[in-house]
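Residues in the sequence shown are numbered from 0 upward in steps of one, following numbering that gives the first Met the number 0. Where is the CB? At the ideal position from N, CA and C, for every residue including glycine. Just so you know, these numbers come straight off a predicted model, no measurement behind them. Okay, so here's the structure we're looking at.
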Amino acid sequence: MKVIPYGAAKTVTGSCFYVEARDVKILVDCGMFQGKEEDKNYQPFPFNPREIDYLILTHAHIDHCGRIPLLVKEGFRGKIISTEPTAKLARLMLLDASKVMYENYKTLQRKLLRLGKTPAPPLYEEYDVLESMEFFKVRLPYGEDYKLSKGVSIRLRDSGHILGSAFVEMEVYEDKKQKRIIFSGDLGNKNKPIVRDPESPSFADYVFIESTYGDRNHKSFEQSKEELLQAIEYAIGRGGNVIIPSYALERAQEILYVLREFHEEGRLPKCEIFLDSPLAISITRLFSSHPEFYDREAYEVFLKNNPFELPNLHYTKEVEESKAINSIGSGAIIIAGSGMLNGGRVLHHLKYNLWREECALVFVGYQPEGTLGRKIIDGAESVKIFGEDIAIRAKVYTINGFSSHADQSGLLEWLSYVGKPWNVFLMHGEEEKMKIFADAIKNQLGLKCSIPEEGQILEL
0 MKVIPYGAAK
10 TVTGSCFYVE
20 ARDVKILVDC
30 GMFQGKEEDK
40 NYQPFPFNPR
50 EIDYLILTHA
60 HIDHCGRIPL
70 LVKEGFRGKI
80 ISTEPTAKLA
90 RLMLLDASKV
100 MYENYKTLQR
110 KLLRLGKTPA
120 PPLYEEYDVL
130 ESMEFFKVRL
140 PYGEDYKLSK
150 GVSIRLRDSG
160 HILGSAFVEM
170 EVYEDKKQKR
180 IIFSGDLGNK
190 NKPIVRDPES
200 PSFADYVFIE
210 STYGDRNHKS
220 FEQSKEELLQ
230 AIEYAIGRGG
240 NVIIPSYALE
250 RAQEILYVLR
260 EFHEEGRLPK
270 CEIFLDSPLA
280 ISITRLFSSH
290 PEFYDREAYE
300 VFLKNNPFEL
310 PNLHYTKEVE
320 ESKAINSIGS
330 GAIIIAGSGM
340 LNGGRVLHHL
350 KYNLWREECA
360 LVFVGYQPEG
370 TLGRKIIDGA
380 ESVKIFGEDI
390 AIRAKVYTIN
400 GFSSHADQSG
410 LLEWLSYVGK
420 PWNVFLMHGE
430 EEKMKIFADA
440 IKNQLGLKCS
450 IPEEGQILEL
């Protein structure tokens with residue numbers, strides 16, 4: 000059999016693994032490239048989508064599912080396999096992606112028209128998303144075996160990353176031998192709210208593991224919660240606002256969960272909280288309908304009350320409601336997308352608050368190279384927003400303990416359960432961080448480790 004990484008190779012986004020095993024052709028994920036590599040989304044698929052029998056989707060983040068409608072548009076007619084929450088979340092995420100692409104296209108079209116140029120059209124439209132939903136034909140529970148063909152089977156295990164996320168254990172009987180290959184997808188942190196801790200994997204002959212934070216360890220979640228509270232106290236105490244760029248899926252729900260805890264403990268300063276993201280609002284409601292995927296603590300909270308509700312929380316779905324927030328000079332916590340500052344309502348809130356010393360900008364998620372968020376974290380003195388230079392005077396916090404990705408120690412612990420595989424392939428990471436993680440794997444676990452190139456044929 001062979002595996003070819005067509006994304007997430009020496010980079011974080013664009014997850015896509017092409018697998019040939021016996022008589023089936025499989026994709027594990029079909030994600031969108033983000034940040035400095037987003038132009039790759041417009042390159043043709045390096046395989047024939049019509050020949051793919053199965054697409055196994057690990058979870059619904061856009062860098063893992065974002066090109067599925069394009070795959071269908073280009074001829075995919077196989078089956079998509081995922082957990083129940085992943086299928087529902089993917090629908091929301093992809094519909095939002097199609098809307099954002101269309102709006103960006105229309106904006107760019109107006110600008111380029113004056114120059115006599117035409118922008119590239121959106122990768123897909125809403126119709127393509129709805130059509131792709133027809134191929135989500137297998138909703139697979141955790142731990143249940145599913146046969147792809149004679150000699151090839153898979154099971155999904157809980158990766159603890161987001162609601163419904165999974166890692167893939169694949170068994171292939173070939174040449175009278177059994178091979179077990181694991182694709183980690185994205186692995187979550189332990190002791191986070193809402194989702195369960197990652198399950199321990201079985202032994203494996205080959206492992207494809209993410210390495211987003213393979214170079215470092217996070218602060219504990221409890222420390223990160225306290226740092227968030229400090230940021231809130233800093234800004235509210237000085238008459239400013241708190242801006243939290245947040246991913247609509249999982250991160251926004253975690254922030255609400257923690258703010259509710261602060262409120263119930265009597266530690267949250269007097270303020271108004273705005274969840275200013277139609278997508279995050281829809282996802283939060285979906286979360287409320289699937290408590291069976293929560294960890295025990297969150298489930299017990301759910302039995303008493305909705306864990307994402309608190310008295311001073313406002314869901315601002317309409318554009319006019321969002322615009323009204325910018326008239327609030329102080330006492331507001333604004334949770335808005337996008338999490339990487341590459342678009343969305345958060346940019347408007349930054350325009351009104353980033354230059355104010357009494358405000359706080361709180362990053363609670365990964366910022367890939369080439370994004371506006373990364374520029375701010377790397378120390379830029381000003382950034383351009385809607386064509387205007389905005390000084391960065393707000394206090395900037397980077398709180399990585401909220402990350403839904405495991406850190407180095409978490410990744411090493413998870414990997415320690417797979418035994419002695421023939422090779423461990425590092426994916427989903429920046430190359431320099433991968434090298435640090437590779438050294439840790441070799442030194443601490445004594446395992447062979449490789450960092451594949453995009454398009455490299457890996458014979459297993």
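Below 8 Å on the Cβ atoms is my guess for residue i versus residue j; work out the distance and round it to an integer in Å.
i	j	result
Leu186	His404	7 Å
Glu83	Arg154	15 Å between Cβ atoms; not a contact.
Asn352	Ile243	Not quite, the Cβ-Cβ distance comes to about 11 Å (not below 8 Å), so this is no contact.
Gly428	Glu209	7 Å
Gly336	Ser245	6 Å
Do residue i and residue j have their CB atoms nearer than 8 Å?
i	j	result
Lys78	Phe134	yes
Tyr5	Ile25	no
Ser81	Asn216	no
Met426	Phe273	no
Phe307	Pro290	no
Gln33	Thr12	yes
Leu88	Leu248	yes
Ser329	Tyr212	no
Ile398	Val345	no
Gly142	Phe292	no
Leu459	Ala439	no
Met433	Ile450	yes
Ile384	Lys419	no
Val361	Leu267	no
Ile159	Arg195	Going by the sequence as given, residue 159 is Gly instead of Ile. Closer than 8 Å, so yes.
Gly200	Glu221	First, the residue type needs correcting, since residue 200 is Pro and not Gly in the sequence shown. Their beta carbons are not under 8 Å apart, which means Pro200 does not touch Glu221 by this criterion.
Phe16	Phe182	yes
Glu430	Lys9	yes
Asp214	Ile435	yes
Closest by CA to residue i, which one among the options?
i	options	result
Glu170	Gly184, Pro197, Asp204, Lys191	Asp204
His313	Ile333, Asn422, Val363	Ile333
Gln366	Leu360, Lys374, Ala359	Lys374
Arg179	Met339, Phe362, Ala20	Ala20
Asp127	Asp438, Leu93, Gly163	Leu93
Asp62	Met31, Arg49, Cys15, Ile376	Met31
Lys72	Asn47, Ile280, Lys189	Asn47
Leu129	Asp95, Arg113, Gly386, Pro268	Asp95
Asp275	Pro268, Lys269, Thr283	Thr283
Glu198	Ile67, Lys39, Ser97, Ala165	Ala165
Glu317	Ala437, Ser288, Pro277	Pro277
Asn311	Asp144, Glu263, His347, Gly336	Glu263
Ile193	Ser287, Arg266, Ile231	Ser287
Leu91	Met132, Ala379, Lys303, Arg113	Met132
Lys176	Tyr41, Gly428, Tyr145, Gly150	Gly150
Ile67	Lys447, Glu125, Ala335, Tyr145	Glu125
Asp28	Asn188, Gly184, Glu380, Glu387	Gly184
For the alpha helix (DSSP H) containing residue i, list its first residue and its last residue.
i	result
Ser321	318-324
Ile67	67-72
Lys432	430-439
Glu260	250-264
His217	Segment: none, His217 is in no alpha helix (DSSP H) and carries neither H nor E.
Lys176	First-last for Lys176: 176-182, but that is the beta strand (DSSP E), not the alpha helix (DSSP H).
Arg90	83-112
Report all residues from its chain with a CB closer than 6 Å to the CB of residue i; omit the five preceding and five following residues, and keep chain order.
i	result
Lys35	Glu368, Gly369
Pro51	With the sequence shown as reference, residue 51 is identified as Ile, and Pro is not the correct amino acid for it. Counting only Cβ-Cβ distances below 6 Å, and skipping sequence neighbours, we find Lys24, Leu26, Phe75, Gly77.
Ser223	Ile398, Gly400, Phe401
Cys490	No statement about residue 490 is possible, as the shown extent of the chain runs from 0 to 459 and does not include it.
Leu107	Pro118
Thr315	Phe273, Asp275, Ser321
Leu309	Arg259, His262
Leu255	Phe307
Trp354	Ile389, Ala390, Arg392
Got a sec? Which residues, its chain only, sit under 7 Å from residue i by beta carbon, not counting five neighbours each side?
i	result
Ala234	Asn240, Val241, Glu357, Cys358, Ala359
Val382	Leu371, Lys374, Ile375, Ile389, Ile391
Ser219	Gly400
Val417	Ile181, Pro200, Phe202, Ala203, Val206
Ala437	Leu425, Cys448, Ile450
Val99	Gly342
Let me check you understand the geometry: is the CB of residue i closer than 7 Å to at least one non-hydrogen atom of the ligand GTP?
i	result
Glu209	This structure does not include the ligand GTP; it has no bound ligands of any sort.
Provide the residue span of the beta strand (DSSP E) that contains residue i, from first to last.
i	result
Phe273	271-275
Tyr470	As displayed, the chain neither begins before 0 nor continues past 459, which places residue 470 out of reach and without an answer.
Asn352	Asn352 -> not in any beta strand (DSSP E); alpha helix (DSSP H) instead, spanning 345-352.
Glu412	Not the beta strand (DSSP E): Glu412 falls in the alpha helix (DSSP H), residues 407-414.
Ile243	241-244
Short of 8 Å in beta carbon distance, which residues of its chain neighbour residue i, apart from the five on each side in sequence? Order them along the chain.
i	result
Lys394	Ala230, Tyr233, Ala234, Glu356, Cys358, Ala359, Leu360
Glu296	Pro192
Check whether chain B comes within 8 Å of residue i, counting only Cβ atoms and requiring the distance to be less than that.
i	result
Leu129	Looking at the structure shown, chain B is missing, and only one protein chain is on hand.
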